[in-house]
Each structure stands twice: as C-alpha cells, then as structure tokens.
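Residue numbers (this note's numbering): 9 to 252. Here the structure comes first, spelled out in structure tokens, and everything after it is commentary.
This is how it looks when you write it as structure tokens:
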C-alpha cells in the first residue's frame, strides 16, 4: 500500500488492528473518502475483536458484538485508533482513503503482489482438513494431550471440543453459559500430565477466568482468583497466566 512504513506499522501492528477480524481487502475495495471513513472507524472500534469475520460471505454464524458499555464509553472518548502505537483516527481515515477506490478510482495506486510460490522441499507436505461439527466455530487455540486427543476452544462461545487424531472423531462440550450482554468465549488451552484440560473462560461477571475440565467426569471447575487471557505450562507443572 501507499504510505510510509511508520504509517503502515501504526495501522497494523497493534491489538485492535482491522485485520484481527477481517482482511484488508474490505478496506482496499471500499469507496469511502476520508470523511466517510470516520463514522465507520468509530463504529468498528466498538466491536469486540473476536476474529470471526474472516470469510467474506457473512455466514460465519457469529454476529458482530459490541464491547461492554464501559469499554465503549472509553473508546468514544478517545480520538486515537489502536492500543500501542496509537494513531489519530483522522490519520487512519486519510491512510485508508489513499489506498482504496475512493474518488472515482478504478484501480489501486499500487501493485498487488503475491508471495513467491514454494519450491523443492517446501512443497513436500500434505495438509488434511476436517469440518468442525458446529459451524461458525472460531478456534482460539489447541493442544494435544498424551493420548493424542486434540483439544480446542472457541473465541466467541462457551465451548470446548476434542478431536481424536486416530479415529478423526469429534466430541463437543458446552461450557457454563454467561448472562445476556456478557461476551462469551474460551481462549488458550493446555493439558497436564493427569489429562486435565485448562483454559481461560468467561464467567457470569464477564471476566476471563482460568478453568479446569476433567475429561473423565466431564466436569468443569473454576480456579478462584485467577484471571487470564493467555496461559502456558512450565516444565515443573505450574501454570503461568497472563494478560496482554
């Protein structure tokens, strides 16, 4: 795209970048000028970035979710776009209008380039795909346990599932529901040596709290006092939890 590297970095390299939820194709093919982009940017900033708008057919099964009222108020009061580094929304609008089809343009002011195709050893692989039983699942993370079961979560619903890598069979589990108005979702996932599955999950207060699932009893329990977005397992078996 046209622009300085600093402009591109400030638009793309932060938590609330546009392509966290959709590709930049939507921006490039739009015809908004900078002024028309401003209400779009204000509206987009209020959506919870759940990464589910990745298709272009609007049939992913997840409606866009507005963030919590307190978060929306904060976003309405800031003139900037992004978390770090920030960029004034007016500059974001100017950058988008410079790189889309506004002003009667019929093509882009830059050449669309594809990455070089792999050759040699880079082509010697096989990718096999399976359809997840529940349509619209936006997987956040996955982990394989000691028995070869692949466990995965959903960014946008109270959901946990496993995939048997030997038989290609799925099994899905519904997690405790959250009240209306609370954004649901399960995040990072890991398994311990005892076969337990650990992951952060939204609770009834809207917090992302560490949870434990026992595959033997199919029961889930909360770890009181531990909020998390990302988790990892240390060699000694301790779980580290963090926020970004």
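From the three backbone atoms N, C-alpha and C, an ideal C-beta is built for every residue, glycine too.
Continuous alpha helix (DSSP H) stretch holding residue i: start and end
i: residue 53; result: 42–53
i: residue 78; result: 77–85
i: residue 188; result: Residue 188 -> no alpha helix (DSSP H), and no H or E assigned at all.
i: residue 297; result: Any answer about residue 297 is impossible in this case: the structure gives the chain only from 9 up to 252.
i: residue 253; result: This structure does not reach residue 253, given that the chain is present from 9 up to 252, and the question cannot be answered.
i: residue 106; result: 97–106
Residue i versus residue j: straight-line alpha-carbon distance, rounded
i: residue 189; j: residue 75; result: 9 Å
i: residue 156; j: residue 210; result: 27 Å
i: residue 106; j: residue 123; result: 23 Å
i: residue 161; j: residue 26; result: 23 Å
i: residue 183; j: residue 216; result: 13 Å
i: residue 12; j: residue 224; result: 55 Å
i: residue 35; j: residue 145; result: 25 Å
i: residue 30; j: residue 42; result: 20 Å
i: residue 84; j: residue 148; result: 28 Å
i: residue 192; j: residue 251; result: 17 Å
i: residue 68; j: residue 28; result: Here residue 68 scores only 45 on pLDDT, less than 50, and its place in the model is too uncertain to base an answer on.
i: residue 56; j: residue 103; result: 23 Å
i: residue 230; j: residue 33; result: 40 Å
i: residue 171; j: residue 241; result: 21 Å
i: residue 167; j: residue 180; result: 7 Å
Assigned secondary structure, residue i (DSSP; H/G/I helix, E/B strand, else coil)
i: residue 128; result: helix
i: residue 217; result: strand
i: residue 204; result: coil
i: residue 70; result: Residue placement at residue 70 cannot be trusted, given a pLDDT of 48 that sits under 50; the coordinates are not used to answer.
Endpoints, the beta strand (DSSP E) within which residue i is located
i: residue 137; result: Element bounds for residue 137: n/a, residue is neither H nor E.
i: residue 227; result: 227–235
i: residue 152; result: 147–152
i: residue 159; result: 157–162
Integer-rounded CB distance, given that residue j should sit under 8 Å from residue i
i: residue 97; j: residue 52; result: Not confirmed; about 10 Å, so no contact.
i: residue 39; j: residue 150; result: The pair is not a contact, with the Cβ atoms about 39 Å apart (cut-off 8 Å).
i: residue 187; j: residue 195; result: In fact, because the Cβ distance is near 19 Å, the residues do not count as touching under 8 Å.
i: residue 206; j: residue 247; result: 6 Å
i: residue 185; j: residue 218; result: The pair is not a contact, with the Cβ atoms about 18 Å apart (cut-off 8 Å).
i: residue 228; j: residue 221; result: 5 Å
Paired residues, beta bridge with residue i - DSSP
i: residue 194; result: 209
i: residue 182; result: 167
i: residue 250; result: 238
i: residue 88; result: 96
i: residue 199; result: 205
i: residue 244; result: Its beta-bridge partners do not exist; DSSP assigns none.
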